[in-house]
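First comes the structure, then the notes that go with it.
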Amino acid sequence: MVHLIPMSKLPTARETAQAMLSHVFRIHGFPNDVVSDRGPQFVSRFWREFCRLIQATVSLTSGYHPQSNGQAERMNQEMETCLRCLVSQKPTTWSKHLIWVEYAHNTLPTSATGISPFQCVHGYQPPLFPELEQEVIVPSAHALVRRCRRVWKGVRQMLQRSATGMKRLADRKRRPSPRYKVGQRVWLSTKDLPLHVPSRKLAPRFVGPYPISKVINPVAVRLCLPKSLKVHPTFHVSKLKPVLESRLVPPSTPPPPPRVIDGGIVYTVKKILSERKRGRGRQFLVDWVGYGIEERCWIPGSFIVDKSLITDFDRLRSHYSGTSGAVRKRGGTVRV
1 MVHLIPMSKL PTARETAQAM LSHVFRIHGF PNDVVSDRGP QFVSRFWREF
51 CRLIQATVSL TSGYHPQSNG QAERMNQEME TCLRCLVSQK PTTWSKHLIW
101 VEYAHNTLPT SATGISPFQC VHGYQPPLFP ELEQEVIVPS AHALVRRCRR
151 VWKGVRQMLQ RSATGMKRLA DRKRRPSPRY KVGQRVWLST KDLPLHVPSR
201 KLAPRFVGPY PISKVINPVA VRLCLPKSLK VHPTFHVSKL KPVLESRLVP
251 PSTPPPPPRV IDGGIVYTVK KILSERKRGR GRQFLVDWVG YGIEERCWIP
301 GSFIVDKSLI TDFDRLRSHY SGTSGAVRKR GGTVRV
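With full-length UniProt numbering, the residue at position 291 of the sequence shown is 291, and numbering never jumps.
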């Protein structure tokens, strides 16, 4: 059963909590579990503390996989489809039609249970609009009910068509996922990773491999990722691909170990790709020898031991000032 709340902008954590109190608690009471994506309002300290005080657990979906909360995502798609058809001529009136989208969804029997969400929660099916129109006594009242009936029937038909089409498209791409184990190495899809590359289309489709540190459930695992990625390490199995050992495909070469110079650990730079201003200093985007593109990161200029790297980079930048893209540099060392 859904409750649709019109809002003019993305709510904060406090506004989300107030909306749940105003529209959900007064009807159903406090929830035992709140399933949501990793939006800023749901990962904030306020929301976690609010759920703890009402004794509700917080269940966050795996990163970049909205199917983990499939019911909510599908409802959002159905709502957008219905509103798009209803208010295509007057988009600003979408909030007036929201009540009929909610009513049509809650009174429509589902294919899984054979009963409507309203009947599943309350135990009975609410009365619907009569098929036959009654005698007109007050024209204004008759016009209002007639308009409401027309909107409700239209939304109901669109929901039925949308449910059939979505199931057909989803089943077309579904495949059984492999079973992963702790310690197994996998490739990670770069589709949703924040990579430092000049062109997403030319970037590798997978990076890694990375070992699995924990199998949360059959469809979600946690990986040991480098800190430079700065993403949540839990992923849906659809974002992974197992590493296959073969005599025709040599195993990946591990990165070279760091060196020690003047008592500090240093790594060898393969390229200096770009620069940016930070405060009064400069930072450089570097590509490391033996590491993938996911390890590229910005480092302060003071971390670079071989200052000739910066000098040559500035010289080549001025020489190729009319071009764009990465500038290839000779190797050097960086202290970390």
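For each residue, glycine too, the CB sits at the ideal point set by N, CA and C.
Val24 to Arg282 span [Cα, whole Å]: Going by the C-alpha atoms only, they are around 51 Å apart.
Sequence-distant residues of its chain with Cβ nearer than 7 Å to Gly183 (five each side left out): Within the same chain, Gly183 has close Cβ partners Pro211 and Ile212.
Those residues which DSSP pairs with His236 across a bridge: Beta-bridge pairing links His236 to Ala220.
Assigned secondary structure, Thr267 (DSSP; H/G/I helix, E/B strand, else coil): One detail in the question is off: residue 267 reads as Tyr in this sequence, not Thr. Tyr267: strand per DSSP, three-state reduction.
Residues that Tyr180 bridges to, as DSSP identifies them: Beta bridge pairing from DSSP links Tyr180 with no other residue.
Where Asp243 sits in the DSSP three-state scheme: Note that residue 243 is Val in the sequence shown, not Asp. Annotated three-state conformation of Val243 is coil, per DSSP.
Gly292 to Phe313 span [Cα, whole Å]: If you take the alpha carbons of Gly292 and Phe313, they lie about 21 Å apart.
DSSP-derived helix/strand/coil call for Gln283: Residue state, collapsed to three classes: strand.
Distance, Asp306 Cα to Ile272 Cα: Going by the C-alpha atoms only, they are around 12 Å apart.
Own chain residues within Cβ distance below 8 Å of Arg330, not counting five before or after: Any answer about Arg330 is weak, because its pLDDT of 47 lies below 50 and its placement is not dependable; what the coordinates show is given next. Closer than 8 Å at Cβ, skipping near neighbours: Leu309 and Asp312.
Under 7 Å between C-beta atoms of Pro242 and Val207: Result no, Cβ atoms of Pro242 and Val207 do not sit closer than 7 Å.
Contact check, Gly301 vs Pro255, beta carbons under 7 Å: It is not a contact, given that the beta carbons lie outside the stated cut-off.
For Leu316 and Gly39, the rounded distance between their alpha carbons: When the Cα atoms are used, Gly39 and Leu316 turn out to be separated by approximately 42 Å.
Best match in Phe42, Leu240, Val101 and Pro194 for proximity to Gln77 [C-alpha to C-alpha]: With distances taken between Cα atoms, Gln77 lies closest to Val101.
Classification of Pro209 by the beta-carbon crowding that lies within 10 angstroms, buried from 16 upward: Classification for Pro209: buried.
Three-state secondary structure assigned by DSSP to Ile272: In the three-state DSSP reduction, Ile272 falls in the strand class (E or B).
Extent of the continuous beta strand (DSSP E) to which Ser8 belongs: Looking at the DSSP string, Ser8 is not in any beta strand (DSSP E), and its letter there is neither H nor E.
Cβ-Cβ distance between Lys227 and Ser189 below 7 Å: No; because the gap between Cβ atoms is not below 7 Å, this pair is not in contact.
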